[in-house]
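Residues 48 to 349, numbered by this note's numbering, are exactly what the sequence shown covers, in order. Virtual Cβ for every residue (Gly too), placed ideally from N, Cα, C. Heads up: the structure comes next, in structure tokens.
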Amino acid sequence: MRSLLSAVLTLSLLSWGAAPTSLQLGHIGIFLRCTGKTDPREALQAVRSLGLRMVQVSKLPDRFYSPEGAKEFAALLNETGVQASAVVAVYDGENYKDIPTIRATVGFVPKAFMDQRVAYTKKCVDLAAALKVKIVTFHVGFLPAQPTDPDYQRLVHAVRDVAQYAAKHSVTISLETGQESADELLQFLGQVAHRNVGVNFDMANLVLYGKDDAPAALRKLLPKVTSVHVKDGLQPEDPARLGAEARLGEGKAGVKECLKMLKAAHFAGPVVIENYVFRGRGTEPMAELALAKAFVDQALAP
Numbered sequence: 048m049r050s051l052l053s054a055v056l057t058l059s060l061l062s063w064g065a066a067p068t069s070l071q072l073g074h075i076g077i078f079l080r081c082t083g084k085t086d087p088r089e090a091l092q093a094v095r096s097l098g099l100r101m102v103q104v105s106k107l108p109d110r111f112y113s114p115e116g117a118k119e120f121a122a123l124l125n126e127t128g129v130q131a132s133a134v135v136a137v138y139d140g141e142n143y144k145d146i147p148t149i150r151a152t153v154g155f156v157p158k159a160f161m162d163q164r165v166a167y168t169k170k171c172v173d174l175a176a177a178l179k180v181k182i183v184t185f186h187v188g189f190l191p192a193q194p195t196d197p198d199y200q201r202l203v204h205a206v207r208d209v210a211q212y213a214a215k216h217s218v219t220i221s222l223e224t225g226q227e228s229a230d231e232l233l234q235f236l237g238q239v240a241h242r243n244v245g246v247n248f249d250m251a252n253l254v255l256y257g258k259d260d261a262p263a264a265l266r267k268l269l270p271k272v273t274s275v276h277v278k279d280g281l282q283p284e285d286p287a288r289l290g291a292e293a294r295l296g297e298g299k300a301g302v303k304e305c306l307k308m309l310k311a312a313h314f315a316g317p318v319v320i321e322n323y324v325f326r327g328r329g330t331e332p333m334a335e336l337a338l339a340k341a342f343v344d345q346a347l348a349p
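Structure representation (structure tokens):
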């Protein structure tokens with residue numbers, strides 16, 4: 048395993064000796080928990096070992112969601128030479144084992160937890176503001192089919208509430224794609240009608256949920272996209288379950304096409320590698336991240 052990691056890192060670092068892709072396509076970074084490290088310092092150091100300097104901040108230990116904790120995490124960023132591009136709100140009690148469970152547990156959909164999750168999302172806004180980070184992203188959850196549904200309007204008002212709070216801190220709220228098609232998400236954004244609400248475009252989620260073609264969805268959503276997850280996956284074989292994640296280029300998310308589209312549009316936001324294929328393959332998380340980074344470099348090459 049170590050020999051695989053060493054070989055992949057050597058190959059990838061050689062490719063990074065050329066002009067950095069960050070000059071061509073915003074900032075390339077890593078979703079922090081994809082390093083497989085639970086300690087924040089170790090995770091940040093792992094990102095630097097890949098030759099990268101940017102992360103999207105996943106769920107941290109509770110102590111960091113306070114003024115003192117924000118200072119502690121800012122010091123870790125400074126110590127490791129890493130920049131945070133966004134803070135991700137990940138809610139206690141969410142479970143992604145199958146579609147019915149996702150419908151029941153994810154985002155603002157569960158009524159019993161909505162107020163608690165809205166409050167936690169505002170804590171994430173506070174953390175982002177303290178770190179001088181401009182984006183907070185999260186999943187709203189499965190939207191009801193009709194905007195006239197009271198539960199649909201409940202979600203609209205919850206996102207508006209967070210957006211209004213975020214606006215006071217000069218933070219943008221970005222709703223992650225996946226549980227709805229591009230058209231459904233655009234309709235929801237139109238209902239929310241706040242300038243500081245955008246999209247965290249996860250190309251694989253649209254495929255994993257069987258909701259949309261990723262390049263086609265990106266064409267529609269691009270003006271609203273503030274950040275991107277680079278991930279690949281396969282369509283679900285069972286409609287009650289998510290599809291399987293795949294290495295970049297081995298799935299059906301059109302990753303290379305999406306990256307080239309972003310490059311052509313001079314997209315300047317964070318482009319974040321989110322990669323969990325090590326779970327199914329039994330491989331080393333850092334080796335998989337290095338392979339993913341090499342794929343991104345090749346996709347963006349002139």
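Q. So, helix, strand or coil for Q92, using DSSP?
A. To locate residue 92, count along the sequence shown from 1; it is residue 45. Three-state result, Q92: helix.
(message) Could you check whether the stretch 206-214 touches the stretch 238-249, counting it as contact only if at least three pairs of C-beta atoms, one from each stretch, sit closer than 8 angstroms?
(response) Verdict: yes, contact present.
Review point. Does the beta-carbon distance from V254 to A300 come in below 9 angstroms?
Key: Taking the sequence shown and counting its residues from 1, the one referred to as residue 254 is at position 207. Taking the sequence shown and counting its residues from 1, the one referred to as residue 300 is at position 253. A300 is positioned such that its CB atom lies closer than 9 angstroms to that of V254.
Rounding to the nearest angstrom, what Cα-Cα distance links S62 and R88 in this structure? Here the question's residue 62 lines up with position 15 in the sequence shown. Here the question's residue 88 lines up with position 41 in the sequence shown. Confidence at S62 is low in this model, with a pLDDT of 33, below 50, so the placement of that residue should be treated as unreliable; the coordinate-derived value is given next. CA-to-CA, the gap between S62 and R88 works out to about 26 angstroms.
> If you run the structure through DSSP and keep just helix, strand and coil, what is E231?
Replying inline: Position 184 of the sequence shown, counted from the start, is the residue given in the question as residue 231. Helix at E231.
Worksheet entry | Which listed residue (A263, G290, Y112, T330) has its alpha carbon closest to that of L306 | Taking the sequence shown and counting its residues from 1, one reaches residue 306 at position 259. For the set A263, G290, Y112, T330, the Cα lying nearest the Cα of L306 is the one of A263.
*Under a three-way DSSP split, which group does D344 fall into?*
Position 297 of the sequence shown, counted from the start, is the residue given in the question as residue 344. DSSP places D344 in helix when its eight states are reduced to three.
- prompt: Quick one: what's got a C-beta closer than 6 angstroms to A177's C-beta in the same chain, skipping five residues either side?
  reply: What you label residue 177 is simply residue 130 of the sequence shown in a count that begins at 1. So the list reads A117, once near-sequence residues are dropped.
### Message
Given a cut-off of 9 angstroms on the beta-carbon distance, is the pair G280 and G296 in contact?
### Response
Stepping through the sequence shown from its first residue, residue 280 is reached at position 233. Stepping through the sequence shown from its first residue, residue 296 is reached at position 249. At a Cβ-Cβ threshold of 9 angstroms, G280 and G296 do not count as neighbours.
Closest Cα partner of M10 within the set M333, A159, L269, F185:
Outside the shown range of the chain, which is 48 to 349, sits residue 10, and nothing can be said about it.
Q) Taking buried to mean at least 16 other C-beta atoms within 10 Å of its own C-beta, is E195 buried or exposed? A) As a first step, residue 195 is located in the sequence shown; it is residue number 148 there, counting from the start. Note that residue 195 is Thr in the sequence shown here, rather than Glu. It is exposed - the Cβ of T195 has fewer than 16 other Cβ atoms within 10 Å.
Quiz prompt | Distance, S132 Cα to K215 Cα | solution = Locating residue 215 in the sequence shown gives position 168, where the first residue counts as 1. Locating residue 132 in the sequence shown gives position 85, where the first residue counts as 1. Answer to the nearest angstrom: the Cα atoms are 19 angstroms apart.
Next item on the list: Pull up the CB-CB distance for V129 and C171, whole angstroms please, since I reckon it's below 8 angstroms.
Entry: In the sequence shown, the residue the question calls residue 129 occupies position 82. In the sequence shown, the residue the question calls residue 171 occupies position 124. Distance from V129 to C171 at the Cβ level is roughly 18 angstroms; contact not present, criterion being Cβ atoms closer than 8 angstroms.
Query - Given S113 as reference, the closest of A341, E331, K169 once Cα atoms are compared - result: For the purposes of this step, residue 113 is taken as residue 66 along the sequence shown, with counting starting at 1. Of the candidates A341, E331, K169, the one whose C-alpha sits nearest the C-alpha of S113 is K169.
Where does K158 land, buried or exposed, given buried means 16+ other C-beta within 10 angstroms? Along the sequence shown, read from residue 1 onward, the residue named residue 158 stands at position 111. By the 10 Å Cβ count, K158 comes out exposed.
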